[in-house]
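**Q** Sharing a structure with you now.
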Amino acid sequence: MRTEVVSEPGHPDRPNEDFASIGLPAVGQGGCLVVLDGVTPPRTGTGCLHSIPWFTARLGGALTELTVSCGDLTLPEILSRAIARTAEAHAITCDLSHPRTPQATVVLARWSAETVEYLVLSDSALLLESPAGPVTPVLDDRLARLPRASLATDALIDAEIRNKEGGFFTAAADPSVADRAVTGTVPRHEVRALAALTDGAARWVEKFHEGDWAQCLGLLRKEGARALVDRVRAREAADREERTYLGRSKTHDDATVVFAEL
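Numbering (this note's numbering), first residue to last: 1247 to 1508.
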């Protein structure tokens, strides 16, 4: 098995709000990957005493441990338990009902000798490559399908569509959000490799249109995860003045890639 993890902050003077891990059980039967993209907090606050990196480390650590050790649980059950465990860690000190309480997108995958299971919540991406070469992207595209008018301001997003029916969902403090995730299971023999990307790394496809998902995974296989992040950084730098592609988005975003060749 070949695995790679690259996770880089958007700016060297700011903490990385992403989380990435690969878990390989000691019994040698399968493994898992976890990728979280922490939602950058507004200047007005989150009602929480803790940072986004604190939250993603707690949630990501719980997801990794539960996915490796609890093979009898489904991935939505694992996400639900991990959210509940993380919420319990700061419920006494923080207002978890705040719409901007710390939260993150989630990509979770687990493989055994027989199956590959996956879960995607919000706008990070999971790529499944078949032995024959075709790549299937697993995306939760609810945010992308919303009218631009509904995304006009943070206040509107928080009041109308964040973690609300008809909007989009992230992992915050409500364990029931796990039932909103995109999930599935495929036979192990149908998957040669997996790649999980936060939207900061997926910009190579989604924002800059440098290639499609199959070409993205091909780049990861041939040149590695660092090469993809470096190419994203180069395109961000080139677009800094023109803003042709990024519009109102951040010039540089945290970028995380996990690649696993099964």
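Idealized CB from N, CA, C, for every residue including glycine. What you are looking at is a predicted structure, and each value in this text was computed from that prediction instead of being measured.
Would you check if there are 3 or more beta carbon pairs closer than 8 Å linking the stretch 1435-1447 to the stretch 1347-1356?
**A** Cβ pair count under 8 Å is three or more, so yes.
**Q** Assuming the contact rule is C-beta atoms closer than 8 Å, ARG1449 and VAL1478 should be a hit. Round their C-beta distance to whole Å, please.
**A** Contact holds; Cβ gap of about 5 Å.
**Q** What residue range does the alpha helix (DSSP H) around SER1358 cover?
**A** Neither: SER1358 is in no alpha helix (DSSP H) and is coded neither H nor E.
**Q** Check ARG1304 in the structure and name its three-state DSSP category.
**A** Helix at ARG1304.
**Q** Would you call the stretch 1278-1294 in contact with the stretch 1305-1316, where contact means no fewer than 3 C-beta pairs closer than 8 Å?
**A** Because the criterion of three Cβ pairs below 8 Å is met, the stretch 1278-1294 and the stretch 1305-1316 touch.
**Q** Considering just the uninterrupted stretch of the beta strand (DSSP E) at ASP1264, what are its terminal residues?
**A** Unbroken beta strand (DSSP E) run through ASP1264: 1264-1269.
**Q** Which same chain residues end up closer than 6 Å to CYS1294 when comparing Cβ atoms and leaving out the 5 residues on each side of it in sequence?
**A** Taken in chain order, the residues that qualify are CYS1340, THR1347, PRO1348.
**Q** Since LEU1588 is in the alpha helix (DSSP H), which residue starts that stretch and which ends it?
**A** The chain is shown only over 1247 to 1508; residue 1588 falls outside these bounds and no answer can be derived.
**Q** Would you decide whether ASP1420 is buried or exposed? Buried here means 16 or more other CB atoms lie within 10 Å of its CB.
**A** Answer is buried; the Cβ neighbour count reaches 16.
**Q** Could you compute how far the alpha carbon of LEU1367 sits from the alpha carbon of LEU1385?
**A** One C-alpha to the other measures close to 8 Å.
**Q** Within the chosen definition, does the stretch 1356-1376 reach the stretch 1427-1444 through at least 3 CB pairs nearer than 8 Å?
**A** The stretch 1356-1376 is in contact with the stretch 1427-1444.
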